[in-house]
Every structure is written in C-alpha cells, then in structure tokens.
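Start counting at 1 in the sequence shown, then tack on 34, and there's your number in this note's numbering.
Contents: one structure, followed by commentary.
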Amino acid sequence: MPTSTRSRLSDGPGREIEWHFPSDLRSVGLSRRRLREQAHAWKIPAETTETAVLLLSELMTNACLHAQLPPGAEISARCILGERTLRVEVTDPDDTLPRSREASCDDESGRGLMLVTVLADACGSSPECPGKPGSSGKPGKVMWFLLGL
Numbered sequence: 035m036p037t038s039t040r041s042r043l044s045d046g047p048g049r050e051i052e053w054h055f056p057s058d059l060r061s062v063g064l065s066r067r068r069l070r071e072q073a074h075a076w077k078i079p080a081e082t083t084e085t086a087v088l089l090l091s092e093l094m095t096n097a098c099l100h101a102q103l104p105p106g107a108e109i110s111a112r113c114i115l116g117e118r119t120l121r122v123e124v125t126d127p128d129d130t131l132p133r134s135r136e137a138s139c140d141d142e143s144g145r146g147l148m149l150v151t152v153l154a155d156a157c158g159s160s161p162e163c164p165g166k167p168g169s170s171g172k173p174g175k176v177m178w179f180l181l182g183l
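As structure tokens, then:
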C-alpha cells in the first residue's frame, strides 16, 4: 500500500499543502483521500471538494499511466487555497507535456484531460523549471487546475 513520503503544510493568507507519492496507481486513491481530508479542514464546499477530488484523480492517473518515469520516481500533488480559488497541481519527473486526444464512444479511457478542461475554471500544464520560485528544482512537468470557491 503506498503512503505519502512527505507532506508539507503552510498556513496563512495563501494556505498550501504538498504530498509526495510513489508513481504507482495505488497512489491515486491515497491522493484522493488526502485532498478530501484537507478540503474538509479548509471548509471547502462539498461540491467543489468532489470536483477537485475527481480532477486530481484524473491528473494522478495520467501521471502514473503515461509519464515515462524511472523506477522509484515520485509524483507530487500540491493544493493552494486562495481567497476565492483552489489550485491543484500534479508534478512528475517526465517533461513530456500531456496531449488531449479524442476518445471514441467505445474507448474505456482517454477522457481524463477532457474532464479537467470541462469541469475546471482554468487548467493547463507547463515544464517544471528548476530554480523558478515554487519549483521542485527537478526537471519534469506540472499539470494544474483551478476551481472557484
């Protein structure tokens, strides 16, 4: 059973928390539980919490399934609570940016990024830039979404 390897919480006007997980599909469920618990602690409305949990699950699943990760690599999830927004980021060490694809009616996968695009108020991805404030300091990419509160 995966466990988060590190957790960091800062409090203040812009509160944030970050978790680090093994790059294993079992980490997806753990990330959902961590976000749901933190959203409850931050008193985020239930509907927004459930949307955030669904979208985090999609980004974590994409990172586990599609990123070309070395053995032992970690995926991080970071939540930033602003005055009127919740930003959720998933970072992995593969610098290949995700590409949305059209899924046919019979496909059992391929709709995750579409869900993020449709349900989030804003979303995107960018290369992780070592040395940039807020960066992990390692190469890779960050995928993110923003929800209004």
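Ideal placement from N, C-alpha and C gives every residue a C-beta, glycine not left out.
- With a cut-off of 8 Å on Cβ pairs, the segment 117-124 is in contact with the segment 83-92, counting three or more such pairs.
- Within the DSSP secondary-structure output, V122 pairs in a beta bridge with C113, F179.
- Annotation: the continuous beta strand (DSSP E) that includes A156 extends over 156-162.
- Counting C-beta pairs with one atom in each stretch, the segment 47-61 and the segment 99-109 have three or more that are closer than 8 Å, which means they touch.
- Scanning its chain for C-beta atoms nearer than 6 Å, with the 5 sequence neighbours on each side dropped, one finds around A111 the residues W53, S65, V124, in chain order.
- Here D126 is buried: its Cβ has 16 or more other Cβ atoms, across all protein chains shown, within 10 Å.
- The beta carbon of D129 sits closer than 6 Å to those of P161, P173, G174, K175, all from its chain and outside the five residues before and after it, given in chain order.
- Distance between T82 and Q102, taken at the CA atoms: about 31 Å.
- Residue I78 holds the alpha-carbon nearest to the alpha-carbon of G116 among L69, I78, R68.
- T95 places its beta carbon less than 7 Å from that of V62.
- According to the DSSP secondary-structure assignment, R49 is paired through a beta bridge with L115.
- Counted as a single uninterrupted DSSP element, the alpha helix (DSSP H) harbouring L93 occupies residues 80-100.
- For the pair F179 and L69, the Cα-to-Cα distance works out to about 14 Å.
- The beta carbon of R49 sits closer than 6 Å to the beta carbons of L115 from its chain, once the five residues preceding and following it are set aside; these are given in chain order.
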